[in-house]
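A short write-up of the structure that comes next.
Number of protein chains: 2
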Amino acid sequence: MNAPSSATTSPAPSVRDAAEAWESLFRAQVAVMRRLQADPAFRGLGIKEYDVLFTLSGCPESGLRLNELNDHVLLAQSSLSRLVERLERKGLVTRRAAPDDARGILITLTEAGRETQRRIGREHVREIARLFGGALDAEELAELKRLTAKLREHVVENHPL
Amino acid sequence: MNAPSSATTSPAPSVRDAAEAWESLFRAQVAVMRRLQADPAFRGLGIKEYDVLFTLSGCPESGLRLNELNDHVLLAQSSLSRLVERLERKGLVTRRAAPDDARGILITLTEAGRETQRRIGREHVREIARLFGGALDAEELAELKRLTAKLREHVVENHPL
DNA sequence: CCAGAGTACATGCATTTGCATCTACTTTGA
DNA sequence: TCAAAGTAGATGCAAATGCATGTACTCTGG
């Protein structure tokens, strides 16, 4: 006997189901990311640098801590530290001591940083739409978003680093 | 008037729908990948190196061309060239001239490479299942796989680099 | 209060990456 | 047929990355 099932309950996933879903998710990410990286919008600023600006743009008034930022980006702590240093040198962000924890650094967008993020963001979003156009309909996009959000949430919640 | 719709036709996605789905997909990938990279399975061999071995393990008898390999991996051509060079030095793959095109290099797993891939792969798959466990049920995993595969296919098909 | 453990970020250094370019081979078209 | 354009992969070099560790601060238990 295999895979017990009923009309209303989805069977527990096998190891294989998870591995295949991950493989597919990962390859899609590679294919899309490769094309996004090639976008002229990222001539002056790498996509990772943009990603940091973007994350800062949608977050608390006062900025983010380095370690919070690090959760969103696939970089070692030291690499992010230096990436932010570069952004500061370019005048796109500021670093100042966190008020409540003297070890912490609070990173904030400068006005120039905010403008740069918006400018690149507009082109970037257009490119995303161009790539996705015709691939999935609105309902499928919503479902993709829901599933990936659920996955991320679960992983973040239940599997600390 | 906005978004014309009927009972059976999903409305055309907005630019925003695509951007949000991508954002969610990407963040999920980051969260999962971060944890996979930390797996002890990748102490001796980086996850990118493993990925190359894995890709080779599931492909034509005779191996893959460097440029074919490059489609699966998020690396510049030159970086992959050197990554493969390292794998060769470790005795995990061999490089030989492609029979039909003297410019090309055919990369093949050695027996050691195949064993290494299997060994790491077993642990890796376990870790994937552990991370995904409880996040999505079998049906949702299948849907996630379907959507990401469709997205990748569309992008690869309609948006050459 | 304080010693020791823990956390946040920075830094030295070796490795990896990407860009630009090079060489060698192949394809195209006049 | 052959010159010009195109493609596959390698390589020099500067930049980015990660690991190990350092410094400075915070938290915890006695």
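Listed in order, the protein sequences are those of chains R and Z.
Counting in the working numbering, the first sequence runs without a single skipped number right up to 161 at its last residue.
Counting in the working numbering, the second sequence runs without a single skipped number right up to 1161 at its last residue.
We put the beta carbon where it would ideally sit given N, CA and C, even for glycine.
As the structure is a prediction and not an experimental result, all values here were calculated from the model.
Reference residue i; option with closest CA among the options
i          : options                                           : result
Z/Gly-1104 : Z/Ala-1142, Z/Glu-1153, Z/Leu-1136 and Z/Leu-1064 : Z/Leu-1064
Z/Arg-1114 : Z/Ala-1028, Z/Thr-1094 and Z/Ala-1076             : Z/Thr-1094
Z/His-1072 : R/Phe-54, R/Gly-121, R/Val-73 and R/Leu-25        : R/Leu-25
R/Arg-152  : Z/Ser-1014, Z/Ala-1019, Z/Val-1015 and Z/Met-1033 : Z/Met-1033
Z/Val-1015 : R/Gly-121, R/Ala-149 and R/Ser-14                 : R/Gly-121
Z/His-1154 : R/Leu-109, R/Glu-68 and R/Arg-130                 : R/Arg-130
R/His-124  : R/Arg-96, R/Asp-39 and R/Leu-87                   : R/Asp-39
Z/Lys-1082 : Z/Arg-1096, Z/Ala-1097 and Z/Leu-1066             : First, the residue type needs correcting, since residue 1082 of chain Z is Arg and not Lys in the sequence shown. Comparing Cα-Cα distances from Z/Arg-1082 to each of Z/Arg-1096, Z/Ala-1097 and Z/Leu-1066, the minimum goes to Z/Leu-1066.
Z/Ala-1019 : R/Pro-11, R/Leu-144 and R/Pro-60                  : R/Leu-144
R/Glu-49   : R/Pro-11, R/Glu-23, R/Glu-61 and R/Gly-91         : R/Gly-91
Z/Pro-1099 : Z/Glu-1111, Z/Glu-1068 and Z/Ser-1062             : Z/Ser-1062
R/Arg-27   : Z/Leu-1075, Z/Arg-1043 and Z/Pro-1011             : Z/Leu-1075
Z/Arg-1043 : Z/Glu-1139, Z/Leu-1109, Z/Gly-1133 and Z/Arg-1119 : Z/Arg-1119
R/Ala-41   : R/Glu-139, R/Arg-126 and R/Phe-132                : R/Arg-126
Z/Arg-1086 : Z/Glu-1023, Z/Ala-1097, Z/Glu-1068 and Z/Leu-1045 : Z/Leu-1045
Z/Cys-1059 : Z/Pro-1011, Z/Gln-1029, Z/Leu-1109 and Z/Ala-1097 : Z/Leu-1109
Chain Z contact for residue i (CB, 8 Å cutoff)
i         : result
R/Gly-44  : no
R/Ala-98  : no
R/Pro-11  : yes
R/Asp-39  : no
R/Ala-21  : yes
R/Val-84  : no
R/Val-15  : yes
R/Asp-101 : no
R/Lys-145 : yes
R/Ala-112 : no
R/Gln-29  : yes
R/Arg-35  : yes
R/Glu-140 : yes
Contact with chain R by residue i, beta-carbon distance below 8 Å
i          : result
Z/Val-1156 : yes
Z/Ser-1081 : no
Z/Met-1001 : Note that Z/Met-1001 scores 44 on pLDDT, short of 50, meaning its location in the model is unreliable; the coordinates nonetheless yield the value given after this. With 8 Å as the cut-off, Z/Met-1001 does not count as an interface residue toward chain R.
Z/Ser-1024 : yes
Z/Leu-1161 : yes
Z/Val-1032 : yes
Z/Ile-1128 : yes
Z/Leu-1151 : yes
Z/Gly-1134 : yes
Z/Val-1052 : no
Z/Thr-1116 : no
Z/Leu-1074 : yes
Contact set for residue i: own chain, Cβ-Cβ below 6 Å, skip 5 residues either direction
i         : result
R/Arg-146 : none
R/Glu-88  : Arg-95
R/Thr-148 : none
R/Glu-139 : none
Coil, strand or helix - residue i by DSSP
i          : result
R/Thr-148  : helix
Z/Arg-1089 : helix
Z/Thr-1116 : helix
R/Ala-97   : strand
R/Thr-108  : strand
R/Arg-16   : helix
Z/Arg-1065 : strand
R/Val-156  : helix
R/Leu-36   : helix
R/Val-73   : coil
R/Ala-28   : helix
Z/Asp-1051 : helix
R/Gly-134  : coil
Z/Ala-1041 : helix
Z/Ala-1142 : helix
Z/Ala-1102 : coil
R/Leu-80   : helix
Z/Leu-1161 : coil
Z/Gly-1046 : coil
R/Gly-121  : helix
Contacting residues, own chain, Cβ-Cβ under 7 Å from residue i (five flanking each side not counted)
i          : result
Z/Asn-1070 : Gln-1077 and Leu-1080
Z/Asp-1051 : Val-1073
R/Phe-54   : Gln-117 and Gly-121
R/Asn-158  : none
Nearest-angstrom beta carbon gap, residue j and residue i [assumed within contact, 8 Å]
i          : j          : result
Z/Val-1084 : Z/Ile-1107 : 6 Å
R/Pro-13   : Z/Asp-1137 : 6 Å
Z/Leu-1056 : Z/Ile-1128 : In fact, because the Cβ distance is near 19 Å, the residues do not count as touching under 8 Å.
Z/Ala-1031 : R/Val-156  : 6 Å
R/Lys-150  : Z/Ala-1135 : 6 Å
Z/Asp-1017 : R/Leu-141  : 5 Å
Proximal residues to residue i (C-beta, below 8 Å), its chain only, five neighbours per side dropped
i          : result
Z/Met-1001 : With a pLDDT of only 44 at Z/Met-1001, under 50, the local geometry of the prediction cannot be trusted, and no value is derived from it.
Z/Gln-1029 : none
R/Gly-133  : none
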